[in-house]
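These notes are about the structure you will find just below.
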């Protein structure tokens with residue numbers, strides 16, 4: 001099985017019990033969730 005990755009980015013977790021912890025997020029091509037950025 002393969003997946004098309006649109007972007008990956010490193011950031012700090014911003015909410016919940018893990019707030020402030022390092023995290024890597026992977027966004028897949030065809031994702032229907034809007035990130036709030038205009039170029040999406």
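In our numbering, the protein residues as written are 1 to 40.
Idealized CB from N, CA, C, for every residue including glycine.
Below 8 Å on the Cβ atoms is my guess for residue i versus residue j; work out the distance and round it to an integer in Å.
| i | j | result |
| --- | --- | --- |
| residue 29 | residue 11 | Rounded, the Cβ-Cβ distance is 20 Å, inconsistent with contact. |
Using 9 Å as the threshold, is the C-beta distance between residue i and residue j below it?
| i | j | result |
| --- | --- | --- |
| residue 27 | residue 8 | yes |
From the DSSP output, which residues share a beta bridge with residue i?
| i | result |
| --- | --- |
| residue 10 | 24 |
Among residues of its own chain, excluding the 5 on either side of residue i, which ones have a beta-carbon nearer than 8 Å to its beta-carbon?
| i | result |
| --- | --- |
| residue 5 | 26, 27, 28, 29 |
| residue 13 | 19, 20, 21, 22, 23 |
| residue 41 | Given a span of 1 to 40 for the chain in the structure shown, any question on residue 41 remains unanswerable. |
Taking 8 Å as the cut-off, is the CB of residue i close to at least one heavy atom of the ligand ZN?
| i | result |
| --- | --- |
| residue 28 | As presented, the structure is devoid of all ligands, the ligand ZN included, so that no description of it is given. |
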